[in-house]
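Chemist:
In the UniProt record's numbering, the protein residues as written are 1 to 73.
Written out as structure tokens, the structure reads:
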């Protein structure tokens with residue numbers, strides 16, 4: 001499966017990044033939103049996702065559901 005998203009736990013961002021790094025992350029997000037809007041797309045910050053770790057015991061069942069709906073691979 002090709003990696004399609006970047007996910008960072010909010011707790012890790014708060015714990016491990018400086019205030020300056022968090023501000024930079026905000027600027028990056030705002031830039032992506034602005035460029036998506038300019039391209040006629042909805043801002044990425046409007047999206048909401050469900051995230052599961054691949055080592056969870058129920059992951060194979062989730063993968064099968066995603067395959068069934070054409071959202072895997």
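In this text, a Cβ means the ideal position worked out from N, Cα and C, and glycines have one as well.
(1) Taking residue 45 as the reference, give the member of 52, 14 and 36 with the closest Cα.
(2) Can you tell me the Cβ-Cβ gap for residue 7 and residue 63, rounded? I've got them flagged as a contact below 8 Å.
(3) Between the Cα of residue 43 and those of 17, 31 and 12, spot the shortest distance and give me the residue it belongs to.
Modeler: Let's see:
(1) 36
(2) Not quite, the Cβ-Cβ distance comes to about 17 Å (not below 8 Å), so this is no contact.
(3) 31
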